[in-house]
Amino acid sequence: MTTSSWKETAARAVRALILIAVLIVAGSKPRPIIVVGPPHQVQTVNPKMGVHTRLTDEVEEWKIQRTLALVREMGAPWIVEYFPWGYMEPAKGQFDWQHADMVVDHAVNQGLTVIARLDFVPEWARPKDTTFRYLDEDHYQDYGDFVHAFVEHFKGRVDHFIIWNEPNLSFEWGYRPVDPEAYTELLKVAYRRAKEANPDCYVLSGGLAPTIAREGNEWGLSDLIFLQRMYDAGAKDYFDIMAIHAYGYVFPPDDPPAENKINFSRAELTHEVMARNGDGDKKIIITEGGWNDHPRWTKAVRPYQRILYTIHAYQLANEWDWCQAVVIWSFRTPVPERNFRDYYTLVTSGFIIKPIYLEIHDYARGATDWLVEPAE
Amino acid sequence: MVRTRIEKRSSLALVIILALLTCLSGVWLLLSPGEEIKDETWERIQQEGVIRVGMDASYPPFENIDEGGNLAGYDVDLAHELGRRFDAEVEFVIISFDGLYDALRVARIDIIVSALPFDPRLTEDVAYSHPYFNAGQVLAVHEDEGGISGVDNLRTLRVGVEWGSMGDVEARQLLRTMDFELYPYPTPREALEMLSDDEVDAAITDVVSTYEFIREQGGVKIVGPPVTDDPYVIATRLNSPILQQMVNEAILELSANGFLDQLRMQWF
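In order, the protein sequence lines correspond to chains A and B.
Each residue of the first sequence is one higher than the last, beginning at -12 in the numbering used here.
Each residue of the second sequence is one higher than the last, beginning at 14 in the numbering used here.
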């Protein structure tokens, strides 16, 4: 072999080795950028604190992890997260748990208790040109099948499940007249299927919206009347925990409750309805609630009032034996809503911490001087 | 490179063929009947003489129920002006904000005029008009102030905000890159009063509160571009192209002829 041909052979061998190395690297599974890490625990003076996390449409894993870490650091052990049926079962019997797994695993890792809200009808389970909140009785079993699959898949990680959302509002019932009896039938189907999958799970009735609408109103029905009609339809044995929404609007949390008034303490009236129906020992979880500080909405308060009222509401829940948790709406949204709803959040979509977050954080850490008074 | 005569001839022929094809296409387009634009919503508005406007009447001064029980506000007047231009009576349908888009989708209303912020996530679901108002945060200074033209000039100054507001959040963000003293107050009005009294040098407050303060009390002015943008728009269904075009034309005209400025001065 001549010197030149030897050099050519060596060069070919080196190129081949580089190519093989590149192929090995390209073919290997990449290391995950985000790792779950060691488990955390929530430190708080108030174990009833919670917040809605709304990670449904958050696609970036680091943002999911960051959100849940911030919730844990704030001192709230409870979260409600929305798991849309239509996202997870795009075709009958075909389930995609990837995103939900990611959210739940990070939440559990942060030491948070997850309450899963289950609704959002897939297109295959409803007529054309209906909203994703429309579910007719022909498809209740399909929903039950999804609930069974979800509860079974998340057994050991998620134990609390909310069946539907605000069924006492027309638009949450697919723009049809609300129907407590039909909702109760849906609840029964879901309850049976959830317990089949995990007998130890907790089924929450679908967080009723606070409204004073009377019978026959086009847009909804009073939560108190709706609940009574649920009991009349036999709902009592088909939920373990009552889920309600408790928005304070312009009233402080200790504003006295009244049937014709929507305020935070209206939750007490819900408990009274439960007690009248022999169900008073059952717990209530406020799965949505709180105050809004939009500058012009008539149902909003000033930002400093929102801070005071929110912390006071958490404190008040500690005095309500029948209240298991207060989960306020909401922590953050993946992108700005660009309307009044942005003024419910504690952290912006870009993870800018709002002053209210800092005050709640200090309260949960036991600070007695948590309130920074504004300049006079 | 030297091109042969044959190549030159081929190129010339290609140009001629393309030119002929272009001319023929143009003639075909001109002679063929254009596809008629259908808009059932617009047709119904014209036939019945009624336009149904969706609104959440709880955002004064844009829309609210006044003491007499009547709908009133900037958007109410704007909707009436649109109705006048469309030869249609305005029928307001009062719906909570959460239900407005669904109501439009299921055709319970024809249009949303309700201090509606532009939402880029929904541009495949509804058609948005040109913005008609920017409701973001602004920088206010004393009316005699001449040296501050924007947030870049706040270094070493005293800046008032409403405690916990988005103005407060913006100011805290600015504090990461420049030094100034932050003074939080319980309301925007108090922040602006402090500005008027020279207790602070500038204030970051929402534009409506600032306009209201200027109109009612004076002593301050808005400077520079908005600190944040929050454009309000009108929404129609995607299958209402004529209505959408009519709304857009109206907004441009109402902006050009001063009608929108008059509304602002009337309401805040």
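In this text, a Cβ means the ideal position worked out from N, Cα and C, and glycines have one as well.
Just so we're clear, the structure is a prediction, and the values are computed from it rather than from any experiment.
Mapping DSSP to helix, strand and coil, what is His27/A?
-> Residue state, collapsed to three classes: coil.
With a 10 Å radius around its C-beta and 16 neighbouring C-beta atoms as the bar for buried, classify Phe338/A as buried or exposed.
-> It is exposed - the Cβ of Phe338/A has fewer than 16 other Cβ atoms within 10 Å.
Counting pairs of beta carbons, one from the region 307 to 321 of chain A and one from the region -5 to 6 of chain A, are three or more of them closer than 8 Å?
-> No, the region 307 to 321 of chain A is not in contact with the region -5 to 6 of chain A.
Met14/B (DSSP reduced to helix, strand or coil) | Note that Met14/B has pLDDT 43, beneath the 50 cutoff, so the model's placement of it is unreliable and the number below is only indicative. Met14/B falls in the coil class under three-state DSSP.
Flag this pair as yes or no: are the beta carbons of Tyr130/A and Ala177/A separated by less than 8 Å?
-> Against a cut-off of 8 Å, the Cβ pair of Ala177/A and Tyr130/A comes out as a contact.
Going by beta carbon distance, what residues of the same chain come within less than 7 Å of Asp100/B, once the five residues before and after it are set aside?
-> Excluding sequence neighbours, Asp100/B sits near Gly62.
With a cut-off of 8 Å, does the C-beta of Arg134/B fall near any C-beta of chain A?
-> Using beta-carbon distances, Arg134/B counts as an interface residue toward chain A, with a partner under 8 Å.
Alpha-carbon spacing of Asn96/A relative to Val23/A, whole angstroms | Answer to the nearest angstrom: the Cα atoms are 7 Å apart.
Any Cβ of chain B within less than 8 Å of the Cβ of Val46/A?
-> No, no contact with chain B.
With DSSP run on the structure shown, which of helix, strand or coil describes Glu76/B?
-> Correct three-state label for Glu76/B: strand.
List the residues of chain A whose Cβ lies closer than 9 Å to the Cβ of Gln186/B, in chain order.
-> Ile339, listed in chain order.
Three-state secondary structure (DSSP) of Leu265/B | The three-state reading of DSSP puts Leu265/B in helix, counting H, G and I together.
Determine, using beta carbons only, whether Thr17/B comes closer than 8 Å to chain A.
-> Confidence in Thr17/B is poor, its pLDDT being 48 and thus under 50, which makes the residue's placement unreliable; the coordinate value appears in the next sentence. For Thr17/B, the nearest beta carbon of chain A is not closer than 8 Å to its own beta carbon.
Can you find a C-beta in chain B that's less than 8 Å from the C-beta of Asp280/A?
-> Chain B contact via Cβ: present.
With distances taken between CB atoms, is the gap from Ala230/A to Gly193/A smaller than 8 Å?
-> The Cβ atoms of Ala230/A and Gly193/A sit closer than 8 Å to each other.
Could you list the residues in the region 98 to 125 of chain B with a C-beta less than 9 Å from some C-beta on chain A, going in chain order?
-> Going along the region 98 to 125 of chain B in chain order, one finds Ile108, Ser109, Phe110, Asp111, Gly112, Asp115, Ala116, Arg118, Val119 and Arg121 with a Cβ nearer than 9 Å to chain A.
Kindly indicate the opening and closing residues of the alpha helix (DSSP H) around Leu187/B.
-> For Leu187/B, the enclosing alpha helix (DSSP H) begins and ends at Met179 to Leu187.
Taking any Cβ of chain A, which residues in the region 174 to 206 of chain B have a Cβ under 7 Å from it, in chain order?
-> Flagged, chain order: Glu175, Trp176, Gly177, Ser178, Asp181, Val182, Gln186, Tyr196, Pro197, Tyr198, Pro199 and Thr200.
Just the chain A side, please: which residues come within less than 8 Å of Ser222/B by C-beta, in chain order?
-> Ordered by position in chain A, the residues that pass the 8 Å Cβ test against Ser222/B are Pro282.
Can you find a CB in chain A that lies within less than 8 Å of the CB of Asn77/B?
-> So, interface residue.
How would you write the range of the alpha helix (DSSP H) that Ala169/A sits in, first residue to last?
-> Segment Pro167 to Ala184, the alpha helix (DSSP H) holding Ala169/A.
For Tyr296/A, which of Lys142/A, Arg283/A, Val313/A and Trp309/A has the nearest alpha-carbon?
-> Proximity to Tyr296/A across Lys142/A, Arg283/A, Val313/A and Trp309/A peaks at Val313/A, based on C-alpha coordinates.
In the DSSP assignment, what are the bridge partners of Arg250/B?
-> DSSP lists Val139/B as the beta-bridge partner residues of Arg250/B.
Between Asp88/B and Asn147/B, is the Cβ-Cβ spacing less than 8 Å?
-> Taking the C-beta atoms as reference points, Asn147/B is found no nearer than 8 Å to Asp88/B.
Have a look at His86/A and Phe141/A and give me their C-alpha separation to the nearest angstrom.
-> If you take the alpha carbons of His86/A and Phe141/A, they lie about 13 Å apart.
Hey, how far is the Cα of Lys286/A from the Cα of Ala70/B?
-> Spanning the alpha carbons of Lys286/A and Ala70/B requires a straight line of approximately 11 Å.
Buried or exposed (CB count within 10 angstroms, at least 16 for buried), Asn279/A = Asn279/A is classed as buried because its beta carbon has at least 16 other beta carbons within 10 Å across all chains shown.
Just confirm the distance between the C-beta atoms of Glu76/A and Phe148/A, as a whole number of angstroms; I'd bet it's less than 8 Å.
-> Between the beta-carbon of Glu76/A and that of Phe148/A there is about 15 Å, and that puts the pair past the 8 Å contact cut.
Within 10 angstroms of the Cβ of Ala248/B, are there 16 or more other Cβ atoms? Answer buried if so, exposed if not.
-> With 16 or more other CB atoms across the displayed protein chains lying within 10 angstroms of its CB, Ala248/B is buried.
Residues sharing a beta bridge with Asn147/B, DSSP | Note: Asn147/B sits in a beta bridge opposite Pro244/B.
Do Phe158/A and Asp138/B have their C-beta atoms closer together than 8 Å?
-> No, these two residues do not count as a Cβ contact at 8 Å.
Supposed close pair Asp210/A, Ala222/A - CB separation, criterion 8 Å | Rounded, the Cβ-Cβ distance is 14 Å, inconsistent with contact.
Which word fits Lys35/A, buried or exposed, when buried means at least 16 other C-beta atoms lie within 10 angstroms of its C-beta?
-> Only buried fits Lys35/A, as 16 or more other CB atoms lie within 10 angstroms of its CB.
Which partner residues does Thr100/A have in the DSSP bridge list?
-> Per the DSSP secondary-structure output, Thr100/A pairs in a beta bridge with Trp65/A.
At a CB-CB cut-off below 9 Å, which residues of chain A make contact with Tyr72/B?
-> Within chain A, the residues near Tyr72/B are His281, Arg283, Trp284, Thr285 and Phe327.
C-beta neighbour in chain B for Val91/A, strict 8 Å = So no, Val91/A is outside the interface.
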